[in-house]
Amino acid sequence: MKIVVISDNHGRVEPLQEILQYHQDADVFIHCGDSELPVEYLSGYVAVRGNNDFYAELPDYRVLDLGEHRILVAHGHRLMFLDNRELLVNKAKSLDCDIVCFGHTHVFESRCIDNIYLVNPGSISRNRDGSAPCYAIITIEGDSIDIERKEYVLGCKF
1 MKIVVISDNH GRVEPLQEIL QYHQDADVFI HCGDSELPVE YLSGYVAVRG NNDFYAELPD
61 YRVLDLGEHR ILVAHGHRLM FLDNRELLVN KAKSLDCDIV CFGHTHVFES RCIDNIYLVN
121 PGSISRNRDG SAPCYAIITI EGDSIDIERK EYVLGCKF
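Per UniProt numbering, the very first residue in the sequence shown carries number 1; after that it's consecutive.
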């Protein structure tokens, strides 16, 4: 199973469309919030509201059942403090999720805490650590979960 995860495009439409088009083989597209766009621009994505999505009628979080895995999708601004991921992990456990996709920090992150995979795709617009804009691909094959950081360049034909 291939899952494409993006976040924090902050009003930029092109990345949403280009990533959908390039990854036509993906099973699921996830947007972790701060699109700053009307919901019709998020067609094709399972999306949640970020702290800058004032007008979008989106939920604060969603849970996806994908085979043997449950994914918590949240922007994260209400579920973490600085580098502390305890609230994210506890929320995932309370919802029986084994993967959390979140955004907000504009920094790519991939780690596992207490058997919960945490995936932050970074920002598809601009990252705060000086790295290139990016997104994540989660590949699930049997018991194996692989998380990959992919750089994004506007207008790039990949």
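Just so you know, even glycine gets a beta-carbon here, dropped at the ideal spot from N, CA and C.
Handout entry: Paired residues, beta bridge with ASN120 - DSSP
Key = Counting from one through the sequence shown, the residue named residue 120 turns up at place 120. DSSP lists GLU109 as partners of ASN120.
Handout entry: In DSSP terms, what ARG70 is bridged to
Key = Counting from 1 along the sequence shown, the entry for residue 70 is found at position 70. ASP65, per the DSSP bridge assignment.
Practice task
Select from SER131, GLU18, ALA26 the residue whose C-alpha is nearest the C-alpha of ILE3.
Solution key: Locating residue 3 in the sequence shown gives position 3, counting from the first residue. For ILE3, the nearest C-alpha among the options comes from ALA26.
Handout entry: As assigned by DSSP and simplified to three states, the class of VAL48
Key = Along the sequence shown, read from residue 1 onward, the residue named residue 48 stands at position 48. In the structure shown, VAL48 sits in coil (DSSP, three-state: anything other than H, G, I, E or B).
Practice task
Report yes if the CB atom of ALA136 is closer than 8 Å to the CB atom of VAL119, and no otherwise.
Solution key: Taking the sequence shown and counting its residues from 1, one reaches residue 136 at position 136. Taking the sequence shown and counting its residues from 1, one reaches residue 119 at position 119. Judged by beta-carbon spacing, VAL119 lies within the 8 Å limit of ALA136, meaning their Cβ atoms are closer than that value.
Problem - Bridge-paired residues (DSSP) for ILE19 - result: Locating residue 19 in the sequence shown gives position 19, where the first residue counts as 1. DSSP output for ILE19 lists no bridge partner at all.
Practice task
Please report how far the alpha carbon of ASP53 lies from the alpha carbon of TYR22, in whole angstroms.
Solution key: Looking up residue 53 in the sequence shown gives position 53. Looking up residue 22 in the sequence shown gives position 22. Rounded to whole angstroms, ASP53 to TYR22 spans 26 Å at the Cα level.
Exercise for the section: Can you give me the start and stop residues for the beta strand (DSSP E) that residue 159 sits inside? Expected result: Nothing can be reported for residue 159, as the shown portion of the chain is limited to 1 through 158.
Problem - Bridge-paired residues (DSSP) for HIS31 - result: Reading the sequence shown from its first residue, position 31 is the one you call residue 31. According to DSSP, HIS31 bridges with ILE6, ALA47.
Practice task
Put VAL153 into one of helix, strand or coil per three-state DSSP.
Solution key: Numbered from its first residue, the sequence shown carries residue 153 at position 153. Correct three-state label for VAL153: coil.
Problem - Contact set for PRO59: own chain, Cβ-Cβ below 7 Å, skip 5 residues either direction - result: Reading the sequence shown from its first residue, position 59 is the one you call residue 59. The residues are VAL48, ARG49.
Exercise for the section: Give the DSSP-derived three-state secondary structure of SER144 in the structure shown. Expected result: Translated into positions along the sequence shown, residue 144 becomes position 144. DSSP places SER144 in strand when its eight states are reduced to three.
Problem - 7 Å CB neighbourhood of ARG62 in its chain, flanking five on each side removed - result: Here residue 62 refers to the residue found at position 62 when the sequence shown is read from its first residue. Excluding residues within five positions, the ones whose Cβ falls inside 7 Å are VAL46, VAL48, VAL73.
Practice task
Look at LEU95 and LEU87 and say whether their C-beta atoms are less than 8 Å apart.
Solution key: Along the sequence shown, one-based indexing puts residue 95 at 95. Along the sequence shown, one-based indexing puts residue 87 at 87. Cβ distance not < 8 Å, so LEU95 and LEU87 don't count as in contact.
Handout entry: Within-8 Å CB hit, HIS31 to chain C
Key = Included in the structure is just one protein chain, with no chain C present.
Practice task
List the whole-angstrom C-beta distance separating GLY122 from PHE102, where the pair is believed to meet the contact cut-off of C-beta under 8 Å.
Solution key: Locating residue 122 in the sequence shown gives position 122, where the first residue counts as 1. Locating residue 102 in the sequence shown gives position 102, where the first residue counts as 1. Rounded, the Cβ-Cβ distance is 11 Å, inconsistent with contact.
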